[in-house]
Structure formats: structure tokens, C-alpha cells
Amino acid sequence: MKKIQMVDLKGQYAAIKEIVNPSIQEIIDNASFINGPMVHEFQKNLEEYLGVKHVIPCANGTDALQIAMMGLGLKPGDEVITADFTFAATVEVIALLQLTPVLVDVNPDDFNINIEAIKNAITPKTKAIVPVHLFGQCANMEAVMDLAKEHNLYVIEDNAQAIGATYTYSDGKKAKAGTISHVGSTSFFPSKNLGCYGDGGAIFTNDDTLAHTIRGIVNHGMYERYHHDVVGVNSRLDSIQAAVLNAKLPHLDAYNKSRIEAANKYDAALKDVPQIETPFRSGDADNHVFHQYTLKLKGVDRDGLVKFLNSHDIPCGVYYPIPLHKQKAYQDARYKEADFPVTNQLVKDVISLPMHTELDDEQITFITNKIKEFING
Ligand SMILES: *Cc1c(COP(=O)(O)O)cnc(C)c1O
-14 MKKIQMVDLK GQYAAIKEIV NPSIQEIIDN ASFINGPMVH EFQKNLEEYL GVKHVIPCAN
46 GTDALQIAMM GLGLKPGDEV ITADFTFAAT VEVIALLQLT PVLVDVNPDD FNINIEAIKN
106 AITPKTKAIV PVHLFGQCAN MEAVMDLAKE HNLYVIEDNA QAIGATYTYS DGKKAKAGTI
166 SHVGSTSFFP SKNLGCYGDG GAIFTNDDTL AHTIRGIVNH GMYERYHHDV VGVNSRLDSI
226 QAAVLNAKLP HLDAYNKSRI EAANKYDAAL KDVPQIETPF RSGDADNHVF HQYTLKLKGV
286 DRDGLVKFLN SHDIPCGVYY PIPLHKQKAY QDARYKEADF PVTNQLVKDV ISLPMHTELD
346 DEQITFITNK IKEFING
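Mapping to our numbering: the sequence shown position 323 is 308, numbers consecutive.
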């Protein structure tokens, strides 16, 4: 059996090597490292893939979120509601811009932001909601957008984990994750569903004015060379990363399909274990592209299971072990434990199994047998 990896990018590279290597070489030969034609090409290709009017590439997914918030003109003191159960980048940029983060609880089934919790958190100071499509599954965007409309709020989708997922509205209309709200962001960190060979990110919007504003912000607030109209940042996707992404984008649907197939096999092997809740899936099959395959354990020594799996050379992860509202940097007297029953429980119960495009049946059987061996003693 091949050694099991949490994330395995080598197989993907082998399949695109003949395209990636010469295009990287060409960038080096032409010294077109920054703002080269590859970046523009990737931007256009991604706009077409997502069905969105504007893609603005930038340096990473954290910048993408920050720049989206800057582009919307959010001001210090504005309240921004986001999920307590996610990666810290989301709340980090809110705090960095001196906006007021308002963390709310998530759903026990899909782990995404809870609509009732958002409703309860809205105040006259609320300006935006940031749903995160956690682990690759779209949040309940229809409900989020309805609330936003009712209260005149912006919505920024953190789509770092769900690129390529398709959201289906109740009337059957479909849209790609990240393009449903006013502005979306993503990350091309190597382990993401569409990853480059370094750092990268992008912002998506259908709003022409906002896209123009953001294009200036990513480039030092310049709309005309050496005229700085707004305070901006320096956040670029470099040409080499764009070349990798251009080579991978045509395979994104196939990558996501192989993740979904691996998830189906895990589900089938684990569905009859009473101490395990396999991932809940809302909506259609392509609503969840399994950035992570995350189980909920019931009455199992989770940390013992992690150790047991590791001792059999099975990597696994705990995403996320601490709620954001309990992190030193983000704890606040405003938060009451009673407001986070779901997150407080999830951090104790979740475990994420190896998930990538190269998992084979033998590996999945080995992993799931070891889990059963631990649980059944
Ligand atoms: C990865 C990730 C980010 C940040 O992306 P970087 O490219 O690493 O800056 C933001 N939000 C979520 C939910 C992520 O998973």
C-alpha cells in the first residue's frame, strides 16, 4: 500500500507536469514574473468557470478577505458577523481592520453558520455577514442573502474551502460557491481544492464598481499610475502561480469528483458504526466538495483515536480544536458560553480523515478498518 498522506499533491503534479513545467520555464525565460499574461489568462479562465463577471487575483486567501472588506468600505466599529467554528483568518482580518467581529454558533449537522444565531446577533451597527463554506460545503446562502436584504447588509463568502462547489437555490437555480453574495474570496494555498505551488488567492464579484475599487486596492490604491486615491495594499498573484492554476483549473471538477468519490467510500465503510456520524450533506451532490472529510464521534476517545491512527501511519487532523471565541486574540466579554453550545461540542467531537484526489480503495479500507478496530476494542 502507498504511504497514506493527509494531502497528496504529487499525483496531481505528475498529471500536469508536461504543461506546468514549460509554462513556468517560459515565465522565467521572459522574466514576466509579475502581472504577466498568465495572470490575466487565469483570471479570464476562472471568471468563465465560475460564471462571475470579475475575478481579482491576489496574494492569498487572507488578503482576499481583507481586501473584500476594504472594498466594501467597512469602517472601524462596524460589526461583522461570522462563524465561531472556522479557521482564524476570517476573524483575523475583521479585527485587523478594526471592525468588530461578532462570532456566532454553527449548525450541528453541516458545521456552517447558523441562521437563527445570525438573526440574534444583528444590531443597528451590523454591516456584513461572512459565511464560510466550511470543509467544502456551501452554507445556507439563500437564508443568509434573505437576512442581508432585510437588514441591508453586505455578504462576503469565504470560499477558501469550497471552490468548484455548486449551490442550488430552492427554485432549482444554480450558482458556483463564492459568486452568490456581494463579494467572495478564495485561497489557492497548496492543500486547497484548487491549490498552487505557493501562496495565492482571489476575490470574486459581479459588481463592476466594486471590482474597479478592489483592482485599485490590491495595487497600492492606484487607479492611475502613481496616483494613490485610496489606501491600498500590495497583494499580487505571481505569474508562476497563475501558470500552475491555469494548468489545474481544467481538472478542478475531476479533482472535486474524486474527493466526493473518496467521501462516498468512507461513508459506506463507516455508516453502520453507531459511534460515528458521517458528514451530513445538504443539497445536491456537488454542494459539498470535501475539502475535509470530517466525522463527528459519539462517546469515542477522540484524542486516543488520533494517536492510534497516527501509530498506524494514518495521518488525521482536528479542525478545529478551539472555538474562535476562546482564542486569546479574539476572546471578549461580549461572548457568553451559552451562545456557543454547538461549537463548544464540535471542537471535542470532530476528526478529519485523509482527503485528497489520490486516495485509493486499499487506503480507505485500511483507514476505516483501523477506526473500527479502535472503536470496537
Ligand atoms: C485557508 C483559509 C483561509 C486563508 O487562506 P490563505 O491563502 O492561507 O491566506 C481563509 N479562510 C478559510 C476558511 C481557509 O480555510
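Every residue gets a Cβ at the ideal spot worked out from N, C-alpha and C, and that includes glycine.
T75 has its CB nearer than 7 angstroms to a heavy atom of ligand 1. Y240 carries a helical assignment under DSSP once its states are collapsed to helix, strand and coil. In the three-state DSSP reduction, A44 falls in the coil class, being neither helix nor strand.
Counted as a single uninterrupted DSSP element, the stretch harbouring E77 is not any beta strand (DSSP E) but the alpha helix (DSSP H) occupying residues 74 to 81.
Counting of Cβ neighbours within 10 angstroms places N241 among the buried residues, the total reaching 16 or more.
With a cut-off of 7 angstroms, the C-beta of T279 is classified as distant from ligand 1, since no heavy atom of the ligand falls inside that distance. Checking the DSSP bridge columns, you'll see D143 partnered with V117, S170. No heavy atom of ligand 1 is found nearer than 7 angstroms to the CB of Q312. Bounds of any alpha helix (DSSP H) do not take in Y278; it lies within the beta strand (DSSP E) bounded by 278 to 282.
Counting along the chain, K158 sits inside no alpha helix (DSSP H), nor does DSSP assign it H or E at all.
Spatial neighbours of I336 in its own chain (CB-CB distance under 8 angstroms, excluding positions within 5 residues in sequence) are listed in chain order as T279, L280, L282, R287, L290, V291, C301, G302, V303.
One thing to note: F70 has its Cβ within 8 angstroms of the Cβ of V91. Distance between A49 and I360, taken at the CA atoms: about 41 angstroms. When DSSP states are grouped into helix, strand and coil, T350 belongs to the helix group. Under DSSP, H136 shares a beta bridge with no residue. Not one heavy atom of ligand 1 is found less than 7 angstroms from the C-beta of Q226. Residues Y139 of the same chain have their beta carbon placed closer than 6 angstroms to that of L57, with the five preceding and five following residues left out of the count. Shortest gap from the CB of V65 to any heavy atom of ligand 1: 7 angstroms or more. With a beta-carbon spacing of about 16 angstroms, I103 and L84 fall beyond the 8 angstroms limit used to define contacts.
The beta carbon of K250 is closer than 6 angstroms to those of I349 in its chain, skipping five residues each way along the sequence.
A straight-line Cα-Cα distance of about 14 angstroms links A124 and I66. Cβ-Cβ distances below 6 angstroms link L88 to D69, L309, H310 in the same chain, with the five nearest sequence neighbours on each side left out; the list follows chain order. DSSP lists V40, G169 as the bridge partner or partners of F189. Ranked by how close their Cα comes to the Cα of L(-6), the residues L31, V40, S176 have S176 in first place. Around the beta carbon of V274, 16 or more other beta carbons lie within 10 angstroms, which makes this residue buried. The beta carbon of A80 sits closer than 8 angstroms to those of P86, A314, Y315, all from its chain and outside the five residues before and after it, given in chain order.
For V91, the secondary structure class from DSSP, reduced to helix, strand or coil, is strand. A direct Cα-to-Cα measurement between L59 and N204 gives close to 19 angstroms.
With a threshold of 16 other beta carbon atoms within 10 Å, S172 meets it and is buried. In the pairwise beta carbon analysis, the stretch 222 to 235 is classified as touching the stretch 17 to 32: at least three pairs are separated by under 8 angstroms.
Linking G284 to T263 through their CA atoms gives a straight-line distance of about 15 angstroms.
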